[in-house]
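Residue numbers (my numbering): 4 to 347.
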């Protein structure tokens with residue numbers, strides 16, 4: 004029996020690593036991995052094809068359409084929040100035009116196959132924009148439709164691409180005679196801050212937590228760029244992969260919306276610091292807030308309401324705050340850098 008083909012963009016990123024390993028070990032899919040950087044060698048055995056290329060390269064995407072019958076797209080490629088603020092126009096090209104290219108690819112595949120192609124899109128709490136700290140503290144668990152006034156290019160890109168996905172799923176070419184025959188099965192998750200023990204953070208504004216942990220494990224000093232009282236929702240990377248796979252496998256008729264919040268635990272930078280210090284007592288961590296990055300983080304909610312995901316497709320994280328650190332993050336990060344020092 005021929006395996007279903009899955010396309011993963013941004014395959015060499017934090018989420019791409021976890022997703023490829025999970026799907027590859029499952030063995031039920033032919034994985035096409037696409038990234039602007041060469042795919043890590045240990046991931047290549049899981050993939051039918053590893054392609055170094057750009058989602059802005061329409062000729063490359065055209066070749067994928069011609070060569071493969073793609074059933075599911077995990078569109079993970081993006082320029083994250085901090086890097087996007089240094090070059091907003093480049094971020095818009097990659098985050099929006101790249102997503103539009105992939106949605107067009109999904110439409111072509113849907114037309115060719117005669118059934119909707121699934122399009123899984125990781126969004127972010129960066130789509131929210133609370134105006135001040137008092138509002139943030141009073142807002143409580145923010146629902147999907149509240150406070151959608153992002154203050155970053157990344158947040159604007161993500162929110163717009165959610166709308167693009169909704170358009171392609173429900174209204175694409177709505178005046179055409181063949182309207183409805185080539186829709187995309189678009190599904191999106193708004194992720195909180197993600198923490199991985201396996202890969203190092205790469206430019207997210209919520210990365211002060213994982214950066215703190217990874218630097219401490221390496222014995223390197225770290226200057227935390229937010230205030231100790233800064234609070235955001237977080238989840239582990241294994242739970243992020245679980246959420247994507249759960250949403251992908253959910254029956255379409257069970258989904259009451261196209262975009263869902265998910266979360267695991269909410270934690271302050273001070274609480275993060277205390278946990279890291281208990282695990283690595285010699286860690287040199289100071290708080291030196293960066294005013295502009297602090298302002299961005301202050302516009303994001305302290306917590307999000309993920310009741311729709313829990314009700315519609317049974318979302319439940321495996322790692323609460325205690326388990327996240329004691330069973331996953333601390334042991335795995337220790338092992339990572341112990342092995343690095345031995346091989347180095």
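Backbone N, C-alpha and C define an ideal beta-carbon position, used for all residues, glycine too.
Small disclaimer: the values here were computed from a predicted structure and weren't measured.
Residue i versus residue j: straight-line alpha-carbon distance, rounded
| i | j | result |
| --- | --- | --- |
| residue 212 | residue 220 | 13 Å |
| residue 136 | residue 234 | 11 Å |
| residue 78 | residue 16 | 11 Å |
| residue 44 | residue 36 | 12 Å |
| residue 128 | residue 306 | 9 Å |
| residue 279 | residue 183 | 52 Å |
| residue 53 | residue 12 | 10 Å |
| residue 323 | residue 333 | 14 Å |
| residue 320 | residue 214 | 22 Å |
| residue 87 | residue 94 | 5 Å |
| residue 331 | residue 10 | 28 Å |
| residue 325 | residue 241 | 15 Å |
| residue 18 | residue 142 | 29 Å |
| residue 91 | residue 159 | 10 Å |
| residue 28 | residue 49 | 7 Å |
| residue 239 | residue 246 | 11 Å |
| residue 63 | residue 173 | 27 Å |
| residue 65 | residue 38 | 16 Å |
| residue 225 | residue 295 | 18 Å |
| residue 218 | residue 203 | 10 Å |
| residue 8 | residue 70 | 11 Å |
| residue 1 | residue 282 | Coverage of the chain is limited to positions 4 through 347, which leaves residue 1 absent and any answer about it impossible. |
| residue 72 | residue 20 | 23 Å |
| residue 26 | residue 98 | 25 Å |
| residue 124 | residue 199 | 19 Å |
| residue 196 | residue 270 | 10 Å |
| residue 40 | residue 257 | 37 Å |
| residue 298 | residue 130 | 14 Å |
| residue 275 | residue 287 | 14 Å |
| residue 46 | residue 177 | 41 Å |
Minimum C-alpha distance to residue i - residue among the options
| i | options | result |
| --- | --- | --- |
| residue 146 | 101, 246, 192 | 192 |
| residue 272 | 18, 85, 329, 229 | 229 |
| residue 285 | 277, 244, 222 | 222 |
| residue 216 | 163, 9, 124, 337 | 337 |
| residue 134 | 153, 181, 201 | 153 |
| residue 157 | 188, 324, 261, 300 | 300 |
| residue 76 | 160, 111, 159 | 111 |
| residue 309 | 224, 144, 328 | 144 |
| residue 84 | 176, 162, 202, 264 | 162 |
| residue 107 | 269, 239, 34, 122 | 122 |
| residue 116 | 151, 266, 68, 327 | 68 |
| residue 118 | 125, 66, 109 | 109 |
| residue 32 | 330, 23, 255, 303 | 23 |
| residue 328 | 48, 292, 168, 268 | 268 |
| residue 113 | 276, 171, 165, 277 | 171 |
| residue 255 | 93, 232, 187 | 187 |
| residue 340 | 243, 201, 19, 26 | 201 |
| residue 227 | 292, 155, 131 | 292 |
| residue 5 | 298, 74, 204 | 74 |
| residue 289 | 298, 277, 181 | 277 |
| residue 138 | 342, 311, 304 | 304 |
| residue 150 | 132, 140, 166, 167 | 132 |
| residue 89 | 71, 311, 155 | 155 |
| residue 96 | 287, 51, 164, 130 | 164 |
| residue 42 | 25, 26, 199, 14 | 14 |
| residue 243 | 266, 30, 46 | 266 |
| residue 232 | 140, 124, 30 | 140 |
| residue 120 | 181, 148, 168 | 168 |
| residue 148 | 181, 46, 311 | 311 |
| residue 166 | 335, 237, 126 | 126 |
Residues that DSSP places opposite residue i in a beta bridge
| i | result |
| --- | --- |
| residue 10 | 35, 76 |
| residue 52 | 35 |
| residue 144 | 306 |
Residue i CB to nearest heavy atom of the ligand COA below 7 Å
| i | result |
| --- | --- |
| residue 176 | Absent from the structure shown: the ligand COA. Ligands present: none. |
Scan the region 73-124 and note each continuous beta strand (DSSP E) run of 3 residues or more that stays entirely inside, going in chain order. 73-78
Kindly provide the ranges of any beta strand (DSSP E) runs that are 3 or more residues long and lie completely inside the region 180-260, ordered along the chain. 188-194, 196-198, 225-227, 234-239
Counting Cβ pairs, one atom from each stretch, are 3 or more of them under 8 Å apart for the region 57-76 and the region 96-109? yes
Taking contact to mean 3 or more Cβ pairs, one atom from each stretch, closer than 8 Å, check whether the region 249-262 and the region 313-320 are in contact. yes
Return the chain-ordered ranges of every alpha helix (DSSP H) run that is complete within the region 263-343 and spans a minimum of 4 residues. 272-282, 294-301, 310-316
So, does the region 81-96 touch the region 200-210, judging by three or more C-beta pairs under 8 Å? yes
Report yes or no: do three or more beta-carbon pairs, one from the region 176-195 and one from the region 258-277, lie closer than 8 Å? yes
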